[in-house]
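Heads up, the thing below is written out as structure tokens.
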Amino acid sequence: MPELPEVETIVRTLWPRLAGRKIQGVSLRRADVIFPDRVNLAGMLVGRSLADIRRRGKKIVFALTDGNRFYIHLGMTGRLSLQLAHTPPAPHTHLILRLDGREIRFSDPRRFGGVFWLGKNGSADEGLGPEPLKMRRTQLARLLRRTTRAIKSALLDQSLIAGLGNIYADESLFAAGIHPSMPANKLSARQIARLSRGMKQVLRRALRHRGSTLRDYRDADGNAGDFQKLHRVYRRAGMPCVVCKTAVRRIVISGRSTHFCPKCQT
DNA sequence: CCTTAGTCCTGCATGC
DNA sequence: TGCATGCAGGACTAAG
């Protein structure tokens, strides 16, 4: 599932090559991936140029030179790719933006993702907490102090911290040596410090490895990431902890599978 | 406040 | 071999 490192990698592979390009045409193959559904996307996009593409949380935010903006959320299985126009589109390609000889294509088999029109006034920050890589330890402490939920659950809450998903929440908690069930407001100052550091370290490493490809994720050029090889707990239930050899456990928190080492995480 | 369960959806793994 | 079933989960909603 694309989380912060995957989404950031897509933006980094997309934007440098698309700066200023004009959208020549729009092919909407499934109208129900557009929100709100009344938006005439083609009418708003054709003839406009790309002023910016950036990431906010897990959103890919497109800015047009006329001041309008929209974002794409990839959900579970969404992909955004830059391909030559003559390449046959992958199955479940819902939206195509034709540029010069190339196209930006949005595909998403499971359709948990979508294209969200913001217009000139809508904000991509809506519903999102701060960026984890820009967060200071004190800010993290402030956020976590005011909730009693399990820390794992808090890390997944985009309105608290924007960009972590199931993989990086589990990996961050392992890096910090914190049990995922621990109530967020019970973390010691020391644990907060370890989490602040561990979370950023995990995200930066994942960025360096261009994200994690378990099945679906690819960057805009179709390349897989390789951080999945460095996962220390995620989807490693029953396998020995890389630090202490204790079997990694899998439990369910907030309906999400959660992986941790019972010895290293307390 | 919190949690759980259900919803959306398809592809893949499993089991008979 | 082929079918049915279960599971994965990001974000949201409803219910308890």
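Under the working numbering, the first residue of the first sequence is numbered -5, with each subsequent residue one higher. Built from N, CA and C at the ideal position, the CB exists for glycine as well. Treat the numbers as computed from the prediction; the structure is a model and nothing was measured.
Identity of the residue in the options nearest residue i by Cα
i	options	result
ILE17	ILE28, VAL27 and ASP46	ASP46
CYS258	ARG188, SER248 and ILE172	ILE172
GLU(-3)	THR59, HIS67 and ALA144	HIS67
ARG226	ASP220, ARG73, GLY219 and CYS235	CYS235
ALA200	ARG139, LYS223, THR260 and SER248	LYS223
GLY37	GLY205, ASN62 and LEU154	ASN62
ASN217	GLN77, SER190 and ARG105	GLN77
GLY69	GLY159, GLY249 and GLY232	GLY159
ARG230	ARG209, ARG188, SER190 and ASP164	ASP164
ILE247	THR207, GLY205, PRO174 and SER206	PRO174
ARG92	PRO(-1), ARG15, THR207 and ASP60	ARG15
PRO(-1)	GLY205, MET233, ARG139 and ALA57	GLY205
ASN115	ARG105, GLU125, PRO124 and LEU58	LEU58
LYS53	ALA187, ASP60 and PHE106	PHE106
Three-way DSSP call (helix, strand, coil) for residue i in this model
i	result
PRO82	coil
LEU76	strand
SER248	coil
PRO19	The question names Pro, but residue 19 in the sequence shown is Gly. DSSP places GLY19 in strand when its eight states are reduced to three.
ALA183	helix
ALA25	helix
ASP220	coil
ILE4	helix
SER147	helix
LEU35	helix
ARG226	coil
PRO(-1)	helix
ARG63	strand
PRO256	coil
LEU12	helix
LEU93	coil
LYS52	coil
LEU44	strand
PRO234	strand
LEU58	strand
THR87	strand
Sequence-distant residues of its chain with Cβ nearer than 6 Å to residue i (five each side left out)
i	result
LEU122	GLY51, GLN152 and ALA156
PHE29	GLY108 and PHE110
LEU12	LEU44
PRO103	THR71 and HIS86
THR142	PRO177 and ASN179
ARG73	SER101 and ARG212
VAL33	TRP111
ILE90	SER21, GLU97 and ARG99
ASP220	HIS203
ARG209	none
MET(-5)	MET70 and GLY159
LEU39	ILE17 and VAL20
SER190	ARG131 and LEU134
VAL237	CYS258
7 Å Cβ shell around residue i - same chain, five flanking residues per side excluded
i	result
ARG24	HIS88
ARG48	VAL5 and VAL55
LEU127	LYS194 and LEU197
ARG250	LEU150 and ASN160
TYR228	ILE161, ASP164, GLU165 and HIS253
Spatial neighbours of residue i in its chain, beta-carbon cut-off 8 Å, leaving aside the 5 residues before and after
i	result
ASP215	THR7, SER75 and LEU76
PRO10	none
**the stretch 81 to 90 in contact with the stretch 1 to 13 per 3-pair CB rule at 8 Å** = No: fewer than three Cβ pairs fall under 8 Å.
**Request:** Say whether the stretch 250 to 258 touches the stretch 234 to 242, bearing in mind that this needs 3 or more beta-carbon pairs closer than 8 Å, one atom from each stretch.
**Result:** yes
**Whole runs of the beta strand (DSSP E) within the stretch 98 to 140, excluding any shorter than 3 residues** = 108 to 113
**the stretch 93 to 107 / the stretch 132 to 149 touching (three or more Cβ pairs under 8 Å)** = no
**Cβ contact (3+ pairs, closer than 8 Å) linking the stretch 123 to 137 and the stretch 177 to 195** = yes
**Message:** Measuring CB atoms only, is the stretch 192 to 212 touching the stretch 162 to 176, in the sense that at least three cross pairs come out at less than 8 Å?
**Reply:** yes
**Request:** Please list the segments of the alpha helix (DSSP H) lying wholly inside the stretch 156 to 215, counting only runs of 4 or more residues, in order along the chain.
**Result:** Taking only runs of at least 4 residues, the alpha helix (DSSP H) segments lying wholly in the stretch 156 to 215 are 160 to 170 and 183 to 202.
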